[in-house]
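A.B. asks: Input: one structure, supplied below.
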Amino acid sequence: SAVISQKPSRDICQRGTSLTIQCQVDSQVTMMFWYRQQPGQSLTLIATANQGSEATYESGFVIDKFPISRPNLTFSTLTVSNMSPEDSSIYLCSVAPQRGGSYEQYFGPGTRLTVT
Amino acid sequence: GEDVEQSLFLSVREGDSSVINCTYTDSSSTYLYWYKQEPGAGLQLLTYIFSNMDMKQDQRLTVLLNKKDKHLSLRIADTQTGDSAIYFCAEKGTGGFKTIFGAGTRLFVKA
């Protein structure tokens, strides 16, 4: 398995500001993912972040709004820019270690964001 | 496009078995997952099954896969109050790394 930590665990932010969420993994992984879980909803993939390349964004998500960094194989950040109340969600970091052909996927504890 | 569907709620009595059902549309699904999310927490991978299997058992958990009907189920034996959570079904296709999640089934366990 992989142990994933996220910072901050929660935050309350004012509209128009930006928040950067950090994700740290206890082992090197190629593929990292960022998901959003809106209140009472399922998970929606924002982007896939591979080390050494630009993040790949899903339909409906753009780099200007959700810039991602992936400086090494154990760390990534997601920034939620120019926030509005609609951005209030849980943001989850996820990894797929793919060791030994396994396709297990693990999630961090999430960052609960409230925008006022 | 790909879709994963689950019923939204299930209520059982403590000690009974719980069966959570899921259907998916992607016939190329290779891996099917069950995750558990407790209040205020992230997702915990409970178990997963390859599409070439039809059953997997892990302690109190039994996963059944009917590939013909694209139906996946999770059975929790001797359900406890600590099993109260949201259970997400998810699938991943061959060669892809995008995991599609269902809306989640909220399991209530009555003492």
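Heads up: the sequence lines are chains A and B, in that order. The first sequence runs 3 to 118 under the numbering used here. The second sequence runs 3 to 113 under the numbering used here. We put the beta carbon where it would ideally sit given N, CA and C, even for glycine. In this text the structure is predicted, and so the values were computed from the model without any measurement.
Just to make sure I have the definition right: I need the residues of chain B whose C-beta is within less than 8 Å of the C-beta of Ser-44(A). Which are they?
C.D. replies: Phe-90, Phe-103, Gly-104, Ala-105, Gly-106
A.B. asks: Is Pro-111(A) close to chain B? Criterion is C-beta to C-beta, closer than 7 Å.
C.D. replies: yes
A.B. asks: Are there 16 or more other CB atoms within 10 angstroms of the CB of Ile-22(B), so buried, or fewer, so exposed?
C.D. replies: buried
A.B. asks: Quick one: which residues of the segment 25 to 36 of chain B get their C-beta closer than 9 Å to a C-beta of chain A? List them in chain order.
C.D. replies: Thr-32, Tyr-33, Tyr-35
A.B. asks: Whether or not the segment 88 to 107 of chain B and the segment 29 to 40 of chain B are in contact is what I'm after, with contact meaning three or more pairs of Cβ atoms, one per stretch, closer than 8 Å; do they touch?
C.D. replies: yes
A.B. asks: State whether the segment 103 to 116 of chain A contacts the segment 16 to 31 of chain B, with contact taken as three or more CB pairs (one from each stretch) at a distance under 8 Å.
C.D. replies: no
A.B. asks: In the DSSP assignment, what are the bridge partners of Lys-112(B)?
C.D. replies: Arg-15(B)
A.B. asks: Using the beta-carbon of each residue, which ones in chain B are nearer than 7 Å to Glu-56(A)?
C.D. replies: Residues of chain B passing the Cβ test: none, with the nearest at roughly 16 Å.
A.B. asks: Got a sec, what are the start and stop residues for the beta strand (DSSP E) Ile-22(B) sits in?
C.D. replies: 20 to 26
A.B. asks: In three-state terms, what does DSSP make of Gly-84(B)?
C.D. replies: helix
A.B. asks: So with Cβ pairs under 7 Å, would you call Leu-115(A) a contact of chain B?
C.D. replies: no
A.B. asks: On the criterion of 16 or more Cβ atoms from any shown chain inside 10 Å, does Met-55(B) qualify as buried, or is it exposed?
C.D. replies: exposed
A.B. asks: DSSP three-state label for Glu-88(A), please.
C.D. replies: helix
A.B. asks: Use the C-beta contact count for Leu-10(B): other C-beta atoms within 10 angstroms, 16 or more gives buried, fewer gives exposed.
C.D. replies: When all chains shown are included, Leu-10(B) counts as exposed.
A.B. asks: In the DSSP assignment, what are the bridge partners of Tyr-35(B)?
C.D. replies: When beta bridges are read from the DSSP output, Tyr-35(B) appears opposite Tyr-50(B), Ala-92(B).
A.B. asks: DSSP three-state label for Ala-49(A), please.
C.D. replies: Note: Ala-49(A) maps to strand in three-state DSSP.
A.B. asks: Count the other CB atoms within 10 Å of the CB of Lys-94(B); is the residue buried (16 or more) or exposed (fewer)?
C.D. replies: buried
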